[in-house]
Amino acid sequence: MKAVGESMQFPLIYYKNNVIGTINLVEAMKNHGVYNLVFSSSCTIYGDPEHLPITEDHPTGNVTNVYGRTKWNIISLRYFNPVGAHPSGRLGEDPTKAFTNIMPYIGQVALKKKPYLTIFGIDYDTVDGTGVRDYIHVMDLASGHVSALTHLQKNHLRYRTYNLGTGEGVSVLQLVKAFERITEAEIPYQGLPRREGDIVSMYANAKLAKKELGWEAKFTLDDILLEMAD
């Protein structure tokens, strides 16, 4: 479970899924003699950033939403904003179900299945007033997991933390304009008041992952949008 807005609405469900579920997993690992774990954490554990881009030694705990709090208890790979799908098209977000991520929302607007894109917060102190995020392709995240697990098995580390992101901050409106440029589709939008729990700007410094894991994001924003358009 990974939606900020939803976590504020259903906090107990998020704690049960993300905290108790992790405890159950760790207990099962102990019982079966499995001692290597790559945990999918989130950049939300950083809360409102004190500096950008965010490094792994940035303070944690000043979390602005329930989702981030449920991920703060165990930390390993800190994801920024995953987007995209497997190149086969067989693995990814189900377009027939309700979604919270911005990419499928933009796609629905482009296909005229939604009248406009809703943007929460258009008065932030950013380049254009909208929130800034670090959009990383899910295949880059998958390769990050493989790199982390390989490193863990070779070096028998007790605990390590890595950011997985591109290092590029992109505002919501910049994302919309890039999609319009690539697809020549018009994406009308409507600005609404800020949403509780949302962070203004967040993007990664992933140099440690490159240095120690030999990992870095390969997909650019244009790559992601071109794939989405196909």
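In the UniProt record's numbering, the protein residues as written are 1 to 230. The beta-carbon is built from N, C-alpha and C at its ideal position, and this holds for glycine as well.
Can you grab the Cα-Cα spacing for the pair residue i / residue j, in whole Å?
| i | j | result |
| --- | --- | --- |
| Val-176 | Lys-30 | 46 Å |
| Glu-50 | Pro-59 | 8 Å |
| Arg-194 | Glu-216 | 32 Å |
| Thr-55 | Glu-186 | 36 Å |
| Asp-230 | Ile-20 | 39 Å |
| Leu-52 | Asn-17 | 30 Å |
| Val-26 | His-32 | 10 Å |
| Ile-75 | Asp-57 | Summary for Ile-75: the model assigns pLDDT 40, below 50, so the residue's position carries little reliability, and this model does not support an answer. |
| Asp-222 | Met-228 | 10 Å |
| Met-159 | Leu-77 | Correcting the residue type first, residue 159 is Tyr in the shown sequence and not Met. Looking at the two C-alpha atoms, the distance is approximately 11 Å. |
| Tyr-46 | Ala-206 | 14 Å |
| Ala-178 | Ser-143 | 25 Å |
| Lys-218 | Lys-210 | 12 Å |
| Ser-40 | Thr-22 | 11 Å |
| Leu-28 | Asn-155 | Per the sequence shown, the amino acid found at residue 28 is Ala instead of Leu. The alpha-carbon atoms of Ala-28 and Asn-155 are separated by roughly 23 Å. |
| Thr-161 | Lys-113 | 40 Å |
| Leu-111 | Glu-184 | 12 Å |
Can you give me the Cβ contacts of residue i inside the same chain, cut-off strictly under 7 Å, excluding the 5 residues immediately before and after it?
| i | result |
| --- | --- |
| Asn-36 | Leu-149, Leu-152 and Gln-153 |
| Glu-196 | Met-8 |
| residue 233 | The displayed coordinates of the chain run from 1 to 230. Any statement about residue 233 would go beyond what the structure contains. |
| Asn-73 | For Asn-73, the predicted model reports a pLDDT of 46, less than 50, meaning its position is unreliable; a value from the coordinates is still stated below. Contacts found: Val-19. |
Ignore the nearest five residues each way along the sequence and tell me which others in residue i's own chain have a CB closer than 8 Å to its CB.
| i | result |
| --- | --- |
| Phe-80 | Cys-43, Arg-133, Asp-134, Tyr-135, Ile-136, Asn-163, Leu-164, Gly-165, Thr-166, Met-202, Tyr-203 and Ala-204 |
| Pro-115 | Val-109 and Pro-188 |
Return yes when the Cβ of residue j is within less than 7 Å of the Cβ of residue i, no when it is not.
| i | j | result |
| --- | --- | --- |
| Leu-213 | Ser-147 | yes |
| Ile-224 | Gly-129 | no |
| Ile-119 | Tyr-189 | yes |
| Ser-171 | Thr-126 | yes |
| Tyr-105 | Val-200 | no |
| Gly-169 | Ile-122 | no |
| Ile-182 | Leu-117 | no |
If residue i sits next to residue j, beta carbons under 8 Å apart, how far is it from one beta carbon to the other, in whole angstroms?
| i | j | result |
| --- | --- | --- |
| Glu-6 | Thr-100 | 6 Å |
| Asp-198 | Gly-131 | 6 Å |
Grab me the residues of residue i's own chain with a C-beta within less than 6 Å of its C-beta, minus the 5 sequence neighbours each way, in chain order.
| i | result |
| --- | --- |
| His-145 | Val-38 |
| Val-34 | none |
| Asn-24 | none |
| Val-138 | Pro-82 and Gly-84 |
Inset, instruction - Would you list, in sequence order, the uninterrupted beta strand (DSSP E) runs of no fewer than 3 residues that lie entirely inside the region 108-150? - result: 117-120 and 135-137
Legend entry - Contiguous beta strand (DSSP E) assignments of at least 3 residues, all confined to the region 35-65: 40-42
Inset, instruction - Entirely within the region 170-211 and at least 3 residues each: give me those beta strand (DSSP E) ranges in chain order. - result: 189-192
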